[in-house]
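A.B. asks: Residue numbering for the sequence shown is 1 to 598, as defined by the UniProt record's numbering.
Backbone N, C-alpha and C define an ideal beta-carbon position, used for all residues, glycine too.
After the structure tokens below, expect a handful of questions from me.
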Amino acid sequence: MENLKLVVIGDGAVGKSCLLIAYTTNAFPSEYVPTVFDNYAVNVMVDGKPFNIGLWDTAGQEDYDRLRPLSYPQTDVFLICYSVDNIDSLTNVKEKWIMELQHFCHDVPVMLVGCKTDLRRRDDASATGRRCVTFAEGLRVAKDINAMYVETSSLLQEGLKDCFDQAIRLATCNRPVKKTKKGASFGFSAFGRSKKREPTLIPPVMPPAGKAPWMEMESSRFADDWYKTMQDPKFSDVTFVVEGCRKLQAHRIVLCAASSFFGKVLASGMSPQTSQQDALNQIDSFDREDLNSGKIEGISSVHDGEDGLLVELSADIKAKSFVRVLEFIYTGVPRLPEDADEEVVKELRRVANIFKMPYLATICDNIEREEEFLNPSIGTYLNDETGVKMKQMFLNKRTYADVVFSLDGQKVYAHKVILSTRSDVMAAMFSGNFMESKKDQISEIPITSSSLENFLALLEYLYTDHAPLEESNDLVGILTLADENCQSRLVNLCELYISKEVDRACRDRIEKAEIDVIGLLNMANMYNAKQLTTFCLHFISTNYDAFSRRQEFRNLEPKDREHVDEHRWPPLAYLKAVEEFEKELEKRGQNTDTCVVM
């Protein structure tokens with residue numbers, strides 16, 4: 001096993017220690033501790049040969065200028081590091097660090113390492129006022145100091161292995177022929193090496209293309225939306241009378257979808273011939289006489305009123321407890337205060353058992369066992385279940401429908417309470433002086449800007465918090481409809497599915513792919529799909545040559561063309577460096593140096 005010594009130098013806080021730690025441990029350090037001097041060792045295989053690498057970390061501060069050179073004897077390769085977000089650290093490469101190496105050990109090969117390349121992709125990069133160094137600028141400095149150039153991101157684990165593999169190759173290619181000399185000194189006089197191989201040409205290193213940007217998904221607002229509606233119950237059609245006089249408003253649709261018990265109560269007064277009963281025939285209804293005679297625990301009476309159904313609860317059901325029950329029905333979890341009294345929890349469990357709500361009883365048990373952390377997952381599950389039942393029972397069904405949309409010659413039935421709860425645009429439509437807000441009348445609204453399939457997909461999302469994107473043949477149409485209705489989470493979901501579709505469509509050959517990525521980019525700009533915009537720009541930039549040969553490349557907006565040209569991969573500077581390298585090889589004749597790696 002061959003031993004090599006690698007020393008890392010550069011300004012303070014440019015990422016030297018993180019580079020070594022991330023390479024040796026595959027983990028990014030959580031805290032910054034300024035290095036004085038530190039050593040690491042690692043065994044690696046490069047080109048089928050084993051190496052034991054001694055990694056020497058140094059301090060970049062001026063306070064250690066006299067001590068730092070003590071780490072230099074017997075070094076096989078130096079790594080001069082700078083940070084891409086600190087142009088001064090690159091300036092110091094020429095003004096300080098290469099001068100120091102030329103003074104103490106002029107014949108040792110050098111590699112220039114650009115660190116923290118992930119900072120180039122920050123959304124707030126311009127806000128910091130610090131311009132990031134480009135690949136071309138770093139490569140230019142490397143050429144000036146006759147060094148190999150690589151770029152890395154310790155945070156993202158990008159380029160680390162390639163960096164150290166190239167450093168090992170560089171060290172072994174330029175190692176001197178050792179001379180045994182009696183009484184040889186291990187001081188700085190040992191730096192001079194009388195015999196060396198002919199200097200090996202340093203090939204340019206292709207920088208990593210970088211990973212595709214991560215798609216962030218907005219958190220679901222399903223529970224929060226319904227909680228707001230519970231507090232401000234517009235379009236309510238059920239009134240609960242509690243403690244004989246207190247009235248609480250609710251909605252048939254939510255009660256039927258979220259509670260089998262109250263679904264039976266609401267279905268009790270329907271005639272078997274009604275279309276509503278046909279839609280709700282899956283619910284076993286209570287007999288109205290049984291409800292009014294006290295045979296059903298928890299219910300005192302049920303009557304049809306002017307504004308909907310009037311349900312009077314038994315005297316033993318307290319208003320405070322029933323409010324928690326409604327919170328559970330609407331959001332999946334009761335919103336109990338953290339310091340809720342034990343008796344309050346016990347009473348809520350009792351009411352949960354009366355209304356046949358086992359999950360609410362489980363939530364109460366978790367609170368008593370101090371395992372409240374389990375309850376949010378129960379709420380998430382119940383919200384999904386409620387959404388599924390809303391779709392099955394009410395989506396595009398006449399049952400309780402109070403609004404009709406007409407498009408493509410067909411009618412789509414919907415419910416104002418759901419639409420206004422889940423969409424601010426719809427809420428505005430059904431409020432104030434809008435034509436569609438007339439009371440006690442089924443509103444009919446023409447839709448001309450969407451296909452039937454896409455509009456039904458939007459409605460399904462509003463009803464269930466999920467959209468049938470996998471089955472859709474028009475994800476772009478759904479995205480535009482989502483943007484028009486201010487459904488930012490649905491926009492995020494469409495962005496994710498579209499990005500996956502781009503990957504699939506371009507898997508074999510980008511130049512001949514049927515999908516128009518540049519058209520997608522222009523659409524994303526138009527409809528505020530920022531994450532899709534970022535994805536398309538990255539995809540076009542990292543496949544620059546293929547896209548530049550496509551006819552629609554000329555359709556790039558000027559600002560997008562500027563971005564793509566600046567971030568193209570491989571960078572133009574790298575391609576020029578390769579061309580110069582190949583010309584130099586031709587000058588030297590046939591290349592037989594097996595250490596040269598492209």
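Could you say which of T25, Y82, P50 and G12 lies nearest to Y40 if we only look at CA atoms?
C.D. replies: Answer by Cα proximity: T25.
A.B. asks: For T542, collect the residues of the same chain with a Cβ closer than 6 Å to its Cβ; drop the 5 residues on either side in sequence, then sort them by chain order.
C.D. replies: Only A209 and W569 meet the Cβ criterion.
A.B. asks: Extract the residue ranges of the alpha helix (DSSP H) inside the UniProt domain "BTB" (401-471), only unbroken runs of 4 or more that lie entirely within it.
C.D. replies: Runs found: 416-422, 424-429 and 452-464.
A.B. asks: Which residue marks the beginning of the alpha helix (DSSP H) containing V517, and which one marks its end?
C.D. replies: First-last of the alpha helix (DSSP H) with V517: V517 to M526.
A.B. asks: Tell me, to the nearest whole angstrom, how far the beta carbon of N375 is from that of N383; I am working on the premise that it is less than 8 Å.
C.D. replies: Not a contact, Cβ separation roughly 13 Å.
A.B. asks: Would you mind working out which of N52, G10, T117 and G294 sits nearest E95, comparing C-alpha positions?
C.D. replies: Looking at the Cα atoms, G10 is the closest of the given residues.
A.B. asks: Buried or exposed for S406, going by 16 or more other Cβ atoms inside 10 Å?
C.D. replies: S406 should be labelled exposed.
A.B. asks: Beta-carbon within less than 8 Å of F322's beta-carbon, same chain only, minus the 5 sequence neighbours each way: which residues are those?
C.D. replies: These residues qualify, in order along the chain: F240, V242, L248, L313 and V351.
A.B. asks: Please report the residue range of the beta strand (DSSP E) in which T24 lies.
C.D. replies: Run containing T24: none in the beta strand (DSSP E); it sits in the alpha helix (DSSP H), K16 to T25.
A.B. asks: Mark F373 as exposed unless 16 or more other C-beta atoms lie within 10 angstroms of its C-beta, in which case mark it buried.
C.D. replies: Exposed.
A.B. asks: Beta carbon of D118, beta carbon of L156: below 8 Å?
C.D. replies: Contact flag set, yes.
A.B. asks: Report all residues from its chain with a CB closer than 8 Å to the CB of S437; omit the five preceding and five following residues, and keep chain order.
C.D. replies: In this prediction, S437 has a pLDDT of 49, which is less than 50 and means its spatial position is unreliable; what the coordinates show is noted afterwards. For S437, where only same-chain residues beyond five positions count, the Cβ hits under 8 Å are M429, F430, S431 and S443.
A.B. asks: What is the rounded straight-line gap between the Cα of N353 and the Cα of A267?
C.D. replies: Whole-angstrom Cα-Cα distance: 21 Å.
A.B. asks: Is DSSP giving A184 helix, strand or coil here?
C.D. replies: Only weak support is given to the placement of A184: the predicted model assigns it a pLDDT of 45, under 50, and the value that follows is read from those uncertain coordinates. Here A184 sits in coil by DSSP.
A.B. asks: Would you report the Cα separation of I540 and V141, rounded to the nearest angstrom?
C.D. replies: Spanning the two alpha carbons is a distance of roughly 28 Å.
A.B. asks: Checking the sheet assignment: what are the DSSP bridge partners for M148?
C.D. replies: Paired residues: M111.
A.B. asks: Please state if the CB of V403 and the CB of F355 are separated by a distance shorter than 8 Å.
C.D. replies: No. Outside cutoff.
A.B. asks: Between which two residues does the alpha helix (DSSP H) holding Y497 run?
C.D. replies: Run containing Y497: S488 to A505, per the alpha helix (DSSP H) assignment.
A.B. asks: In chain order, which continuous runs of the alpha helix (DSSP H) of length 4 or greater are located wholly inside the region 217-252?
C.D. replies: Runs of the alpha helix (DSSP H) inside the region 217-252: 222-231.
A.B. asks: With C-beta atoms as the reference, is G387 less than 8 Å away from Y497?
C.D. replies: Result no, Cβ atoms of G387 and Y497 do not sit closer than 8 Å.
A.B. asks: Under 8 Å: do the region 448-465 and the region 476-493 share three or more Cβ pairs, one atom per stretch?
C.D. replies: With the cut-off at 8 Å, the region 448-465 and the region 476-493 touch.
A.B. asks: In angstroms, rounded to a whole number, what distance separates the CA positions of R122 and V517?
C.D. replies: Approximately 23 Å, taken between the alpha carbons.
A.B. asks: Assuming L79 and V8 make a contact with CB atoms under 8 Å, what is their CB distance in whole Å?
C.D. replies: 5 Å between Cβ atoms; contact.
A.B. asks: Please determine whether the Cβ atom of A401 lies at a distance below 7 Å from any heavy atom of the ligand HEM.
C.D. replies: In the structure shown, the ligand HEM is absent, as is every other ligand, since no ligand is present at all.
A.B. asks: Ordered along the chain, which non-local residues of its own chain (more than five positions away) have a Cβ less than 6 Å from that of V578?
C.D. replies: Counting only Cβ-Cβ distances below 6 Å, and skipping sequence neighbours, we find P204.
A.B. asks: Of the choices G244, F328 and V238, whose alpha-carbon is the least far from that of D224?
C.D. replies: Ranking G244, F328 and V238 by Cα distance to D224 puts F328 first.
A.B. asks: According to the neighbour-count rule (16 or more other Cβ atoms, all chains shown, within 10 Å of its Cβ), is Q231 buried or exposed?
C.D. replies: With fewer than 16 other Cβ atoms within 10 Å, it is exposed.
A.B. asks: At the level of alpha carbons, what is the spacing between D76 and M111?
C.D. replies: Cα to Cα, D76 sits roughly 11 Å from M111.
A.B. asks: CA-CA distance, M426 and G114?
C.D. replies: Using only the alpha carbons, I get a separation of about 51 Å.
A.B. asks: Quick one, which of P109, L419 and A524 has its alpha-carbon nearest Q166's?
C.D. replies: For Q166, the nearest C-alpha among the options comes from P109.
A.B. asks: Evaluate Q410 with the Cβ neighbour count: other Cβ atoms within 10 Å of its Cβ, from every protein chain shown; 16 or more gives buried, anything less gives exposed.
C.D. replies: Counting Cβ neighbours within 10 Å, Q410 comes out exposed, since fewer than 16 surround it.
A.B. asks: When the Cα atoms are used, what is the spatial distance from P213 to A529?
C.D. replies: Those two C-alpha atoms are separated by around 14 Å.
A.B. asks: Which residues in the same chain have their Cβ closer than 6 Å to the Cβ of P207, if we skip the five residues on either side of it in sequence?
C.D. replies: Correct list, in chain order: F135 and E151.
A.B. asks: Can you name, in chain order, every residue of its own chain whose Cβ lies under 6 Å from the Cβ of K512, other than the five neighbours on each side?
C.D. replies: Cβ neighbours of K512 beyond the five flanking positions: none.
A.B. asks: Which one of I53, F222, V42 and H538 has the shortest CA to CA distance from G379?
C.D. replies: Ranking the options by Cα distance to G379, first place goes to F222.
A.B. asks: Do A524 and T533 have their C-beta atoms closer together than 8 Å?
C.D. replies: Yes, these two residues count as a Cβ contact at 8 Å.
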